[in-house]
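Engineer:
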Amino acid sequence: MLGFIPLGFLALFYFYPLAGILGLGLAEGLAGGFMLSSGMLEVLRFTLWQALLSTALTLALGLPGAYILANYAFRGKTLFRAVTAVPFVMPTLVVAAAFSALLGPTGWVNTALVEFFDLAEPPVRFVRTFPAILTAHVFYNLTIVLRLVGDFWSRLGPRLEKAAAALGANRWETFRRVTLPLLAPAIAAAGLLVFIFDFSSFAVVLILGGPRFATLEVEIFRQVTAFGNLPAAAVLSLIQLGCTLALTVIYLRFSARTSRPVDARAMSARQGRLPPAGSLRGLTLRAVLAAILLLTTAPLAALAAGSVVNLSPERTRTGALERGFTPAFYAALTSEETSSVVTNSPIQAAGVSLGFAAFTVALALLLGLPTAWVLAKRDLPALNRLIDPLLMLPLGTSAVTLGLGFIVVLDSPPFDLRTSPLLVPLAHTLVAFPFVVRSMTPAIGSIRPRLRSAAAVLGASPWQVIRTIDLPLVRRAATVAAAFAFTISLGEFGATAIVTRPQFQTIPSVIYRLLGRPGALNYGQALALSTILMLLTLGATLAIERYRSPGEEF
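In terms of the numbering used here, the sequence shown opens at residue 1 and continues consecutively.
(1) Output yes or no for whether 7 Å exceeds the beta carbon distance between L274 and L521.
(2) Classify F175 as helix, strand or coil using the three-state DSSP reduction.
(3) Sorry if obvious, but does the Cβ on A11 come closer than 6 Å to a heavy atom of the ligand SAH?
(4) Out of curiosity, what's the CA-to-CA distance linking A477 and I447?
(5) With a 10 Å radius around its C-beta and 16 neighbouring C-beta atoms as the bar for buried, classify E115 as buried or exposed.
(6) With distances taken between CB atoms, is the gap from T429 to L363 smaller than 7 Å?
(7) Where does A264 land, buried or exposed, given buried means 16+ other C-beta within 10 angstroms?
(8) Do the stretch 504-512 and the stretch 405-413 make contact, defined as three or more Cβ pairs closer than 8 Å?
(9) Tell me whether L311 sits in a helix, a strand or coil according to DSSP, three-state version.
(10) Since L193 contacts I144 with CB under 8 Å, what's their CB separation in whole angstroms?
(11) Using only alpha-carbon positions, find the residue among L53, L473, L119 and M534 that is nearest to P105.
(12) Per DSSP, F139 is paired with what?
(13) Taking 8 Å as the limit between beta carbons, can you name the residues of its chain near L395, skipping five residues before and five after?
(14) Is it buried or exposed, Q464, if we count other Cβ atoms within 10 angstroms and call 16 or more buried?
(15) Would DSSP call S420 helix, strand or coil?
(16) Buried or exposed, going by whether 16 or more other CB atoms sit within 10 Å of the CB of W153?
(17) On the CB-based measure, 16 or more other CB atoms within 10 Å of its CB, does T468 come out buried or exposed?
(18) Using only alpha-carbon positions, find the residue among L48, G368, T284 and F221 that is nearest to T496.
(19) Need the endpoints of the alpha helix (DSSP H) that A27 sits in, please.
(20) Would you call S335 buried or exposed, if buried means 16 or more other Cβ atoms sit within 10 Å of its Cβ?
(21) Taking the alpha carbon of L102 as the reference point, which residue from A482, L295, L451 and L367 has its own alpha carbon closest?
(22) Consult DSSP for R273 and reduce its assignment to one of helix, strand or coil.
(23) Can you tell me which of the three DSSP states V262 falls into?
(24) Relative to the C-alpha of R147, which residue among V178, F130, A203 and L69 is closest?
(25) Does DSSP put D118 in a helix, in a strand, or in coil?
(26) Under 7 Å between the Cβ atoms of I544 and A456?
(27) Considering just the uninterrupted stretch of the alpha helix (DSSP H) at V474, what are its terminal residues?
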């Protein structure tokens with residue numbers, strides 16, 4: 001019976017909203033001829049093109065990096081892997097703010113160039129351009145290629161390559177005829193996953209692309225918030241949902257083919273020392289590592305520095321904002337100057353975000369624990385086969401689509417929640433729920449049945465068995481699951497931007513609001529709030545790495 005609790009939650013807050021979008025899109029959108037709109041076709045064309053180009057660029061930089069990680073052992077390799085993984089766990093709004101701090105009109109690069117060459121205006125036009133979208137996507141998804149392809153490559157072992165070389169094949173022929181066919185499933189899986197993330201990109205395109213560019217996700221948001229055109233948004237959601245779910249199914253098939261047992265002997269036999277820096281090969285490999293490090297660290301470093309250094313002096317209502325180091329941006333977060341009659345202040349938004357995150361953690365664990373317990377039982381294979389794929393469906397659905405579904409169907413009794421702040425943590429829980437289950441299922445499955453039997457023989461009640469046997473053994477996994485849910489809730493912006501009320505805005509919502517306002521103080525507050533969100537995300541990520549068990553999937 002426990003398995004039906006999460007199924008009921010999914011039925012009410014996932015399938016029911018999607019059914020509402022389907023009905024609205026078919027009844028009003030398609031019937032009204034919206035499918036033939038040239039504007040919508042252009043949005044779809046741009047969404048596909050930018051995702052395809054972003055994926056190609058990510059693979060172009062990621063594959064050389066994966067080659068180095070798989071074939072060479074070098075000092076600082078573990079730190080390199082950790083640093084390059086940081087961008088992927090960052091909320092997309094923080095990524096957009098970081099690139100704005102580095103390459104925006106008042107960012108570090110433009111400020112330095114203007115002063116050094118005594119220019120009248122910033123020379124680098126990066127924000128609100130197509131290259132900005134592509135660069136941010138590569139920054140965000142590069143670690144997918146490094147991890148998926150690099151780890152798979154390192155497990156192949158060098159025997160086949162050595163055999164090809166012994167038969168007279170040169171290095172290029174060996175790679176083309178032996179290594180590349182073996183790597184193809186891993187490259188395809190990584191490329192598809194990157195494409196899925198780029199296809200459903202929202203905050204990066206919204207902020208770094210500006211009004212000139214719109215993916216399906218951004219256009220859905222604009223149709224709902226700017227025009228109130230729910231039928232048009234529903235049609236776009238149907239297109240996006242069909243594409244992402246189909247791509248997710250294909251990705252899972254390729255991902256299953258990349259499963260290969262770890263052979264420590266083969267991994268150590270493959271990896272050697274980096275060639276000397278004086279050789280062309282050694283210089284090229286080090287240049288690749290340096291380029292990857294620069295891409296993954298410079299924007300976040302610029303973000304943190306921009307939150308405490310003012311590059312554009314101005315006069316505010318409370319006095320002059322001098323140039324140079326200043327704590328004014330952080331101090332302004334606690335003032336009511338940034339709030340209004342209908343919106344909350346940054347410090348209030350922080351409280352709202354933490355409250356939503358706590359609710360998300362509690363609800364995700366409440367639903368995830370019994371689900372993981374059912375999936376860990378080997379005597380219910382039919383139920384497991386039913387529940388397991390259903391849990392993955394929210395991961396293939398964009399957050400903006402989920403938010404639109406909530407607006408469409410949750411507006412009448414007994415589920416009249418359109419004006420309720422509960423919609424935000426409910427949407428966050430839908431996204432976090434699969435991660436929670438994936439974190440806890442291996443831990444519960446590893447509990448030996450004889451421990452429970454021994455406790456029962458000694459007179460323990462079922463509740464005492466759970467409290468004294470099960471819970472202590474799954475505590476680490478529960479901590480990881482809670483950290484996942486907490487991180488996802490803090491950084492989620494797509495669904496939040498659709499369903500949140502102005503007086504309950506979260507940290508990402510306030511960052512977006514501040515970035516859209518003129519003035520150095522507003523911009524500095526956006527960077528300060530983004531830095532706080534970055535540090536909170538990093539803290540939760542460190543907790544995940546600290547308590548993660550080897551058998552966990554995430």
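Where a beta carbon is used, it is the ideal one built from N, C-alpha and C, also for glycine.
Remember, predicted model here, so these are calculated numbers, not experimental data.
Structural biologist: In terms of the structure at hand:
(1) no
(2) Residue state, collapsed to three classes: helix.
(3) You won't find the ligand SAH in this model; it holds no ligand whatsoever.
(4) 12 Å
(5) exposed
(6) yes
(7) Low local confidence applies: a pLDDT of 45 at A264 is under 50, so the model's placement there is unreliable, with the coordinate-based value given in what follows. Exposed, by the Cβ-count rule.
(8) no
(9) coil
(10) With a contact defined as Cβ atoms closer than 8 Å, L193 and I144 qualify at about 6 Å.
(11) L119
(12) Looking at the DSSP assignment, F139 forms no beta bridge with any residue, so it has no partner.
(13) Here the set comprises T248, V431 and P434.
(14) exposed
(15) coil
(16) Residue environment analysis places W153 among the buried positions, since at least 16 neighbouring C-beta atoms fall within 10 angstroms of its C-beta.
(17) exposed
(18) F221
(19) No alpha helix (DSSP H) contains A27, which DSSP labels as neither H nor E.
(20) Answer is exposed; the Cβ neighbour count stays below 16.
(21) L295
(22) strand
(23) Residue confidence for V262 is low, a pLDDT of 44 falling below 50, so the modelled location carries little weight; the figure read from the coordinates is stated next. Residue state, collapsed to three classes: coil.
(24) L69
(25) coil
(26) Between I544 and A456, the C-beta gap is not smaller than 7 Å, which leaves the two residues out of contact.
(27) Unbroken run through V474: none, as it is neither H nor E.
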